Amino acid sequence: MEEKERKTPFLQLVLDDFMFLLFLGVTIYAVSYLIWGLIELAWLSPIPAELKQSLLGGK
Amino acid sequence: MFRTCDITGLKVDTRAERLIQLNAVMAVVSLLIGVIAALLLVLTRWQVVHLLPVDWYYRVLTLHGLNALIFWIVFFEIVGLYFGSTVVLNSRMSSPKFGWLALILMVLGFLLVNATILTGNADVLMTSYAPLQAHPLYYLGVILFAVGALIGVFLFFANLLIARKERTYGDSLPLFTFGLVAAAIIATLTLASGAIIYIPTLLWSLGIIKSIDAGVYKLVWWGLGHSSQQINVTAMIAVWYLGAFLTVGGTSINEKVSRLAFVFYVIGINVASAHHLLVDPGPSPAWKVFNTSYIMYIAVLASMIHAFAVPSAVESAQRRRGFTKGLFDWLKNAPWGNPAFSAVFLSIIIFGFIGGVTGVVNGMEQTNIIVHNTLSIPGHFKGTVVGGTTLAFMGATYYLIPLIFRKKIAFFSLAKLQPWVFGLGIAVLAVSMYILGAFGVPRRHYDITFSGGPFTYTFNPATDFFWVLFALGGITAVVGALMWILIVVYSVFLGEPVRGPQDMQLQIAPPPPPKENHGFEAPGTLTLTLLFMGVFLVFLLLNWGWLAAMWEVR
Amino acid sequence: MALLPPEEGWYYKKVARDEKMWIAIALVVCLTLFFWMVVWHVYGRQNPSFTTYRTTPQEFNALTQAFIEKYKTGEMNGIPVVEPPPNSDVFLLGKMWRWEPVLVLKKGQEYRFHISSLDLLHGFSLQPVNMNFMVYPGYDYVLTFRPTSAGEFAIVCNEFCGVGHHTMIGKIIVKE
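Chains as they are written, first to last, in this note's numbering: chain A, 1 to 59; chain B, 1001 to 1554; chain C, 2001 to 2176.
So, in structure tokens, the structure goes:
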């Protein structure tokens, strides 16, 4: 806390840089929630053929 | 372009001030519609009265959701964003023209949405889950509103960039504005999600796109629906800090901690849109657990930090003024006659003990099984967005009226009472809804006697009692909200002007003397937060115990 | 100072002892909550399922009708009653505004439920046990249930599906 020359610490730079925070927030959300979620929905497999066979027979 | 405020000494950009006033007026109009709708809904769901016919019930429910949960809140947030990025920073509005464009788009959207709902062309509830379809003009209205709001958010960032370049503040933003930064970041991705889902939905309603996948719609929609509530939480907490500062001169006892907590929101709070997909066919449990936990509960940690930081700011300031006796002398001697203070304090209590506690249980993957789509869900968010956000915003307006509208608060003794009436009503309403949900009562349901259905089912007779509480709480809350609307409208349009500091009814507290004591800075707050933790853990264990008694499922 | 820029040196201010204590407690609780959900997947007996198949309303309807035909034992208020054997695949469809079929199950036995919708979203809300799941068109949600209590249970629809929503109620009967 003395008078010695002090550079602004890295974390404070992050806290003060609102445009970086904007980038951070949007990216994490887009990757973790949107993209991951949509990929999983797109990759669902169809109902197994054996199960369909057992109910519908040869139809 | 500027006037200097004779009360705060801040420079006020009069062009921003005009936009702040108009957005605030639209916020109040929206809330009025939302409140009238709320009364009709309470009197319909309480089946002793069962006021509305079935189609009007769902219509008014749609109307209520959009006006109370979207229009009121977003208009008010735009007020906050413009205020926090110009007046607070002694800076100017980057582009008043775009400010007007934003306002016009939002008002157009507001009109289109409400018109399509009231003419029966959008009985789809707020979520409008595809393949349920509304009139194209409804989707267009939502899009216009969202685009307008997005322009408002971008103006906020542009204002900040100008202020930074012109060095109207030091290196770091004031904490209130920093909180708004977090809210605006969340708003950006929220509104972007809205565009991603509503534009294809509009095209689908016009017949240009053939179908919309139900799962994709719900996933992206909640990126809008839930994140918009996270904007509310974040803006509310910024208002809490503001309230502590204005009413008792309290400042966060550690700004670094408070700021980090806001960054935790930016990182973790958005992905909790997953709360709405926990018992859905997709995505996988891995996605659900990771996202529903706000990335390992980093955002819950942030909320708990704020829950300590705001009351401790008040406590620390009060103790330095000499209210050092015992644990709670500072609280007893708080300015309870100031409606902004009581509103903020009640908002903290209701948000924490009702909204927060229930929110974590609802948002855990497995316990969601016993609450999903029951009345517990709206019970929970009556605790967050109504008892929390709305009440905090109401408190903030008691400063907005004299400082921005330059009018005295009309019916001042009524204003002192108003936060209590509204807070009490909402608390009773929220708790009774939560309990009704625990009995399995569904939300968004016209008739829980299932008349006309092939079978029937009778809920536990204890629910009759809680329905009465529900009605009492709901009507009390409506009265509290109407009191506020009356005070605000009368003050703004018919009130006496504020000519200078002598006309201020609410004091702006001077900074307290510097700190002397050592050791614990806020023992009273620590006691309160530990009590909160105890309640939270008991509630959590009760719910998990209850879940364990259900049928087995995997 | 919420309205003013923070005072010089705010970054270096020490965190008060009580605030530190509170943050530590909160952090422990938060991490516990997260790992609790993971652990419950291993040891708990109530978990949302890992299995969902892509389907279409036509396909799912055909499968359900074949399932009903195979195990039908009667009718109740115009809705077929079906008694599938334990450990089998059970099909339940929601449509505006019916749940089909009525299921007769045995207590303590496992059944692989396949749940889907023919039109809009519906909510599967089992009462009075109060277990709630979402039902989508185009998605076959596979939930393996083991009823641990006997009696008559209602399936209330708890997702809005049009003006007849409140009449959408189905039935599951669990025998000892």
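A virtual CB, placed ideally from N, CA and C, is assigned to each residue, including glycine. Just so you know, these numbers come straight off a predicted model, no measurement behind them.
Short of 7 Å from the beta carbon of B/G1152, and not among the five residues preceding or following it, lie these beta carbons of its own chain, in chain order: I1078, L1081 and A1102. Judged by DSSP in its simplified three-state form, B/L1203 adopts helix. Contact of C/V2163 with chain B is assigned, a C-beta pair being separated by under 8 Å. Under the DSSP assignment, C/V2142 falls in the beta strand (DSSP E) whose first and last residues are Y2139 to R2146. Rounded to the nearest angstrom, the gap between the Cα atoms of B/G1282 and C/Y2136 is 10 Å. Interface criterion not met: the Cβ of B/T1463 is under 8 Å from no Cβ in chain C. By alpha-carbon distance to B/T1127, the top candidate from C/L2120, C/P2048, C/F2124 and C/M2131 is C/L2120. Each residue's CA atom was taken as its position, placing A/M19 and B/I1267 some 14 Å apart. Looking at the DSSP output, C/W2099 sits in a beta bridge with C/G2094. For the 8 Å CB-CB criterion, B/F1353 and B/V1535 form a contact. Using a Cβ-Cβ cut-off of 8 Å, C/L2063 counts as an interface residue toward chain A, since at least one Cβ of chain A sits closer than that to its own.
If you check each beta-carbon in the stretch 2072-2103 of chain C against every beta-carbon of chain B, the ones closer than 8 Å belong to M2076, N2077, G2078, I2079, W2097 and R2098. What C/Y2111 touches in chain B, judged by beta-carbon distance under 8 Å, is nothing: the nearest beta carbon there is about 10 Å away. DSSP, reduced to helix, strand and coil, places B/T1527 within a helical segment of the structure shown. Going by C-alpha positions, C/L2118 is about 16 Å away from A/I47. Inter-segment contact for the stretch 1111-1123 of chain B and the stretch 1131-1143 of chain B is present: three or more beta-carbon pairs are separated by less than 8 Å. Identification of residues in the stretch 17-43 of chain A having a C-beta nearer than 8 Å to some C-beta of chain B yields F18, M19, L21, L22, L24, G25, V26, I28, Y29, A30, S32, Y33, L34, W36, G37, L38, E40 and L41, given in sequence order. Counting the other Cβ atoms within 10 Å of the Cβ of C/M2076 gives fewer than 16, which makes it exposed. Residue nearest to C/N2061 within the set C/E2019, C/I2172 and C/V2090 is C/V2090 (criterion: CA-CA distance). At least one beta carbon of chain A lies nearer than 8 Å to the beta carbon of B/S1172. At least one beta carbon of chain A lies nearer than 8 Å to the beta carbon of C/A2066. Bridge pairing for C/N2132: C/S2125 [DSSP].
At least one CB of chain A lies nearer than 8 Å to the CB of B/V1266. With 16 or more other CB atoms across the displayed protein chains lying within 10 angstroms of its CB, B/V1344 is buried.
At a cut-off of 4 residues, the continuous stretches assigned as alpha helix (DSSP H) that sit fully inside the stretch 1042-1106 of chain B are 1054-1064 and 1072-1082. Pairing B/F1245 with B/A1182 gives a Cβ-Cβ distance that is not under 8 Å. For A/Q53, there are no neighbours in chain C by C-beta distance under 9 Å, as the nearest C-beta there is about 11 Å away. The Cβ atoms of B/L1242 and B/A1481 do not sit closer than 8 Å to each other. Residue pairing by DSSP places B/D1013 opposite B/F1002 in a beta bridge. The beta carbon of A/L56 falls within 8 Å of a beta carbon belonging to chain C, placing the residue at that interface. Residue contact with chain B for C/G2151: absent (no Cβ-Cβ distance below 8 Å to any residue of chain B). Chain C places a beta carbon closer than 8 Å to that of B/A1548, counting this residue as a contact. In the three-state scheme derived from DSSP, where H, G and I count as helix and E and B as strand, B/Y1457 is classed as coil. Here DSSP, grouped into helix, strand and coil, assigns C/D2089 to strand.
From the beta-carbon of C/K2175, no residue of chain A is found nearer than 9 Å; the closest lies around 24 Å away. The beta carbon of C/G2074 lies closer than 8 Å to those of P2080 and V2081 in the same chain, with the five residues before and after it left out.
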